[in-house]
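J.: These protein sequences, in sequence, are chains A and B.
Per the working numbering, the very first residue in the first sequence carries number 76; after that it's consecutive.
Per the working numbering, the very first residue in the second sequence carries number 76; after that it's consecutive.
For every residue, glycine included, the Cβ atom is placed at its ideal position computed from N, Cα and C.
Sharing a structure, written as structure tokens. Questions coming.
There are 2 protein chains.
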Amino acid sequence: MTSPTIYDVARAAGVATSTVSRAFSNPQRVSAPTRELVLRVAKELGYEANPHARALTSRRTDTLAMVVSDIKNPHFYEIIRGAELRAKASARTLVLVNAEESPRIEREQISRLSRSVDGFLLTASRLPDEDLLEFAATQAVVMVNRQVHGIPSVVLDQREGCRQLVTHLASLGHTSVAYLSGPQKSWMAGARWAAIRDAAAEIGVSAVRMGPFTPRVEHGAAAADAALTTGATALIAHNDLLAIGVLLRLADRSIRVPRDISVTGFDDIFASALCTPSLTTLGGTHANLGRAAVELLLDAADPTGRAGTASLQLVQPSQLVLRDSTGPAPVGRSAG
Amino acid sequence: MTSPTIYDVARAAGVATSTVSRAFSNPQRVSAPTRELVLRVAKELGYEANPHARALTSRRTDTLAMVVSDIKNPHFYEIIRGAELRAKASARTLVLVNAEESPRIEREQISRLSRSVDGFLLTASRLPDEDLLEFAATQAVVMVNRQVHGIPSVVLDQREGCRQLVTHLASLGHTSVAYLSGPQKSWMAGARWAAIRDAAAEIGVSAVRMGPFTPRVEHGAAAADAALTTGATALIAHNDLLAIGVLLRLADRSIRVPRDISVTGFDDIFASALCTPSLTTLGGTHANLGRAAVELLLDAADPTGRAGTASLQLVQPSQLVLRDSTGPAPVGRSAG
DNA sequence: AACACGATGGCAACTGCTTGCCGCCCTCCG
DNA sequence: CGGAGGGCGGCAAGCAGTTGCCATCGTGTT
Numbered sequence: 076m077t078s079p080t081i082y083d084v085a086r087a088a089g090v091a092t093s094t095v096s097r098a099f100s101n102p103q104r105v106s107a108p109t110r111e112l113v114l115r116v117a118k119e120l121g122y123e124a125n126p127h128a129r130a131l132t133s134r135r136t137d138t139l140a141m142v143v144s145d146i147k148n149p150h151f152y153e154i155i156r157g158a159e160l161r162a163k164a165s166a167r168t169l170v171l172v173n174a175e176e177s178p179r180i181e182r183e184q185i186s187r188l189s190r191s192v193d194g195f196l197l198t199a200s201r202l203p204d205e206d207l208l209e210f211a212a213t214q215a216v217v218m219v220n221r222q223v224h225g226i227p228s229v230v231l232d233q234r235e236g237c238r239q240l241v242t243h244l245a246s247l248g249h250t251s252v253a254y255l256s257g258p259q260k261s262w263m264a265g266a267r268w269a270a271i272r273d274a275a276a277e278i279g280v281s282a283v284r285m286g287p288f289t290p291r292v293e294h295g296a297a298a299a300d301a302a303l304t305t306g307a308t309a310l311i312a313h314n315d316l317l318a319i320g321v322l323l324r325l326a327d328r329s330i331r332v333p334r335d336i337s338v339t340g341f342d343d344i345f346a347s348a349l350c351t352p353s354l355t356t357l358g359g360t361h362a363n364l365g366r367a368a369v370e371l372l373l374d375a376a377d378p379t380g381r382a383g384t385a386s387l388q389l390v391q392p393s394q395l396v397l398r399d400s401t402g403p404a405p406v407g408r409s410a411g
Numbered sequence: 076m077t078s079p080t081i082y083d084v085a086r087a088a089g090v091a092t093s094t095v096s097r098a099f100s101n102p103q104r105v106s107a108p109t110r111e112l113v114l115r116v117a118k119e120l121g122y123e124a125n126p127h128a129r130a131l132t133s134r135r136t137d138t139l140a141m142v143v144s145d146i147k148n149p150h151f152y153e154i155i156r157g158a159e160l161r162a163k164a165s166a167r168t169l170v171l172v173n174a175e176e177s178p179r180i181e182r183e184q185i186s187r188l189s190r191s192v193d194g195f196l197l198t199a200s201r202l203p204d205e206d207l208l209e210f211a212a213t214q215a216v217v218m219v220n221r222q223v224h225g226i227p228s229v230v231l232d233q234r235e236g237c238r239q240l241v242t243h244l245a246s247l248g249h250t251s252v253a254y255l256s257g258p259q260k261s262w263m264a265g266a267r268w269a270a271i272r273d274a275a276a277e278i279g280v281s282a283v284r285m286g287p288f289t290p291r292v293e294h295g296a297a298a299a300d301a302a303l304t305t306g307a308t309a310l311i312a313h314n315d316l317l318a319i320g321v322l323l324r325l326a327d328r329s330i331r332v333p334r335d336i337s338v339t340g341f342d343d344i345f346a347s348a349l350c351t352p353s354l355t356t357l358g359g360t361h362a363n364l365g366r367a368a369v370e371l372l373l374d375a376a377d378p379t380g381r382a383g384t385a386s387l388q389l390v391q392p393s394q395l396v397l398r399d400s401t402g403p404a405p406v407g408r409s410a411g
């Protein structure tokens, strides 16, 4: 009934428990013949180490926590998938945690788990820099799609991506774009707006920011209505969900996309290719983000020789996906 | 640096460690004044129990594992979300595990985690009944969207749902439907086919089954092509992903939906409302599935008084969502 | 007044594994 | 041939809780 322990293995193999322990967790510390003997006996007995007993002394749990700001957002799925795959490849367990867009919940969850995991992947964290730095001081943390000086992170490039996006719109003749901003506490929203503003200035188109909006489909109506008051002919929504919501609202109001107005999003979620019109969006290989983040985390959590990569800020290229929601600017009239 | 233990609390409060332990895990075993003292001191010291030490002796981990057959499928995310929410409400941690449609991986993951969690949520498991029964004998297991006699489960009703679906098609004049089956090892695929076959027989339309197909968008082409050879005027794809793939292929082949042929899916994923034509599908409140499953699991995993609900098979209503991919059967000619 | 019993707190063994330290033995070197 | 040093196995003390059992005390019972 109860599963075998190292004691059972030790007895059966005629060695000390320390030898059994080392055969598993520190193989080169045991001579080859002994090690093989132990492993063979262990296998016969069906021995599997008790992870809790192991964690108790070694303080390693082989578990990683991934906190996402809103588990409803399909954009995270790819990241989760990449992270899950990479974690499994290193025999780590991934705990998924939802912060529900709330800094308080995020904080609670982190402290609840801090004892049970080797490190945290914080995805699009809504927490202020100070809190993050404080957490990062006591445990391994890697940020995804958020940069904080002094904490390793993986982000999809926004500057260059937004430049391309604005350039694309400008090349279609748009001279005025509106950014429909994401949540106030979203670092990404700030980064996007800054990049859009700068690119717009450089290229010579005007840019305004509206919002903040909660980036979900159902808030697209408000965003669309707000955007129309600006007279902009191109709308850059904070993400695809919001953009889809905008598309739906515009259709409702019989405003044609892209003839009357162009719309773009961010993330390139699955539905963006399928909606009507299909959505031009700034995407990227999100699974890679998750994968890279886990890699960073694994060696941030590795007690040996962490120095090298301690505070790496990885930037992965984003990628403009042109579809049907962007087109030439209407001539001689505003969209409003 | 190192966080306080019950020893620190015990010393500070002037009681024995056992008293501290009980104040937390067995409150009524300690007199109210003592308990309050202990809790107050613990709070002052910032004490938090070490979950591994606790798990080592008590064998409770407050962690639940959720195994999904394919983490890529958006359909699971609603279930995950519901499960995650419910788990958090009971202060349980949810571990997410991907089985990648492989029984072997599923088995591996389960045994890897069996020591670290209080129970398993197996979603659309690809394992044979015997394996499941064996697992269920030694640990708490709840199945989602799969039924095995003797194991508690939560499923979305297929019989009635498929009946409605076939009835809907028949009422549009379709006399011949094709089911594009899911994976061979998918219990759901079997359940759906059985329900469709029976409903078709009862209603008086003919039904054939094609496949199995891996239920992803990219396999939709093969499924569509196969289906067209049958001459059926209505296609029931195993899930929305496959259905969307079918729609794309049919568009490629200039076959109009629903004029030439009707297409339906299962699951009602987010994209199904947005694709063109939007997809008629058999959905349901999947978040509820996840929630209910966790509830079942919590009391299957509860060592006290489990008898009552030991092997409950919950069936939740599914719900036919009519959209644009189904329409009147073409008259006077077959689709092929 | 003697006794029983329930409530409460403490003792200490126990969970299963890790790891610092010790000692043995064999090899290599001077 | 003696000594040094490295490789390897074992001892035992943790790690941070849980829990069975016992002792104590106060109260209710006869």
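Report the option in B:Val219, B:Gly89, B:Ser100 and B:Ser96 whose CA atom is closest to the CA atom of B:Glu153.
T.: Per the Cα distances, B:Val219.
J.: Apply the 10 Å Cβ neighbour rule to B:His361 and answer buried if 16 or more other Cβ atoms are within range, or exposed otherwise.
T.: So B:His361 ends up on the buried side.
J.: Measuring CA to CA, which of B:Gly306, B:Gly236 and B:Ala297 is closest to B:Val390?
T.: Closest by alpha carbon: B:Gly236.
J.: Below 8 Å, how does it come out for the segment 270 to 287 of chain B and the segment 236 to 247 of chain B: are there three or more Cβ pairs, yes or no?
T.: Yes, the segment 270 to 287 of chain B is in contact with the segment 236 to 247 of chain B.
J.: What did DSSP end up calling A:Phe288 once you bin it into helix, strand or coil?
T.: DSSP places A:Phe288 in coil when its eight states are reduced to three.
J.: Taking only beta-carbon positions, decide if A:Ile330 is within less than 7 Å of chain B.
T.: Closer than 7 Å: no.
J.: How long is the line joining the alpha carbons of A:Ile81 and A:Ala376, rounded to whole angstroms?
T.: The straight-line gap from Cα to Cα measures roughly 26 Å.
J.: Just verifying my parser: in three-state terms, what is the DSSP assignment at A:Gly359?
T.: Note: A:Gly359 maps to strand in three-state DSSP.
J.: Is the beta carbon of B:Ala299 less than 7 Å from the beta carbon of B:Arg334?
T.: Contact: no.
J.: For A:Thr401, which of helix, strand or coil comes out of DSSP?
T.: In this structure, A:Thr401 counts as coil in the three-state DSSP scheme.
J.: Does the beta-carbon of B:His224 have 16 or more other beta-carbons within 10 angstroms, so that it is buried, or is it exposed?
T.: Exposed, by the Cβ-count rule.
J.: Are the beta-carbon atoms of B:Gln233 and B:Arg267 separated by less than 7 Å?
T.: A contact, by the Cβ cut-off of 7 Å.
J.: At which residue ranges does the segment 126 to 166 of chain B contain complete beta strand (DSSP E) runs of 3 or more residues, listed in the order of the chain?
T.: Listed in chain order, the complete beta strand (DSSP E) runs (minimum 3 residues) inside the segment 126 to 166 of chain B are 138 to 143.
J.: If B:Leu349 and A:Leu349 are in contact, beta carbons under 8 Å, what's the gap, nearest whole angstrom?
T.: The Cβ separation is near 5 Å, so the contact holds.
J.: Consider the Cβ of A:Ala215: report whether some Cβ of chain B lies at a distance smaller than 7 Å.
T.: Closer than 7 Å: no.
J.: Taking CB distances under 7 Å as the criterion, tell me whether B:Ser200 reaches chain A.
T.: So, not an interface residue.
J.: Which runs of the beta strand (DSSP E) fall wholly inside the segment 235 to 298 of chain B and span at least 3 residues, in chain order?
T.: With a minimum length of 3 residues, the continuous beta strand (DSSP E) runs that stay inside the segment 235 to 298 of chain B are 251 to 255 and 281 to 285.
J.: Take A:Leu123 as the anchor and find which of B:Arg187, B:Val172, B:Ala87 and B:Val170 has the nearest alpha-carbon.
T.: The displayed chain sequence assigns Glu, not Leu, to residue 123 of chain A. The candidate whose alpha carbon is nearest that of A:Glu123 is B:Arg187.
J.: Tell me whether A:Leu397 is buried or exposed, calling it buried when 16 or more other Cβ atoms sit within 10 Å of its Cβ.
T.: With fewer than 16 other Cβ atoms within 10 Å, it is exposed.
J.: Quick one: does B:Arg381 have its CB under 7 Å from some CB of chain A?
T.: Reliability fails at B:Arg381, whose pLDDT of 49 lies under 50, so the model's placement of it is uncertain and the value that follows must be treated cautiously. Chain A, which has no Cβ nearer than 7 Å to the Cβ of B:Arg381, makes this no.
J.: B:Ile81 touches chain A at which residues, Cβ-Cβ below 7 Å?
T.: Neighbours of B:Ile81 on chain A: none; closest Cβ ~14 Å, over 7 Å.
J.: Here's a check: name, in chain order, each residue in its chain whose Cβ is nearer than 8 Å to the Cβ of A:Thr109, leaving out the five neighbours to either side.
T.: For A:Thr109, where only same-chain residues beyond five positions count, the Cβ hits under 8 Å are Val90, Thr94 and Ala98.
J.: Along the alpha helix (DSSP H) that carries B:Leu325, what are the first and last residues, could you check?
T.: Here the alpha helix (DSSP H) through B:Leu325 covers Asp315 to Asp327.
J.: What is the DSSP secondary structure of B:Gln394, reduced to helix, strand or coil?
T.: The answer is strand: DSSP assigns B:Gln394 an E or B state.
J.: Name the chain A residues that come within less than 7 Å of B:Thr92, Cβ to Cβ?
T.: Ordered by position in chain A, no residue passes the 7 Å Cβ test against B:Thr92, which lies about 16 Å from the chain.
J.: Roughly how many whole angstroms lie between the Cα atoms of A:Pro290 and A:Asp343?
T.: Using only the alpha carbons, I get a separation of about 14 Å.
J.: Does the beta carbon of A:His127 come closer than 7 Å to any beta carbon on chain B?
T.: So, interface residue.
J.: Cα separation between B:Arg331 and A:Arg156?
T.: Cα-Cα distance, rounded: 35 Å.
J.: For B:Ala368, which residues in the same chain have their Cβ closer than 7 Å to its Cβ, ignoring the five residues on either side in sequence?
T.: The residues are Ala158, Leu196, Val217, Val219 and Val229.
J.: Counting pairs of beta carbons, one from the segment 298 to 318 of chain A and one from the segment 113 to 122 of chain B, are three or more of them closer than 8 Å?
T.: No: the two stretches stay apart, fewer than three of their Cβ pairs being nearer than 8 Å.
J.: For B:Ser409, which three-state DSSP category applies?
T.: Any reading at B:Ser409 must be qualified, since the residue scores a pLDDT of 46, below 50, and its modelled position is unreliable; no value is offered.
J.: From A:Leu160 to B:Val170, what does the alpha carbon distance come to, in whole angstroms?
T.: Approximately 14 Å between the Cα atoms of the pair.
J.: Rounded to whole angstroms, what's the CA-CA distance from B:Pro403 to A:Arg328? Just pull it up for me.
T.: Using only the alpha carbons, I get a separation of about 30 Å.
J.: Tell me whether the beta-carbon of A:Leu310 lies closer than 7 Å to the beta-carbon of A:Ala302.
T.: Cβ distance < 7 Å, so A:Leu310 and A:Ala302 count as in contact.
J.: Out of A:Phe288, A:Ala297, A:Ala307 and A:Val292, point me to the one whose CA is closest to A:Ser281's CA.
T.: Closest by alpha carbon: A:Ala307.
J.: DSSP beta-bridge partners for B:Gly340?
T.: Per DSSP, B:Thr356.
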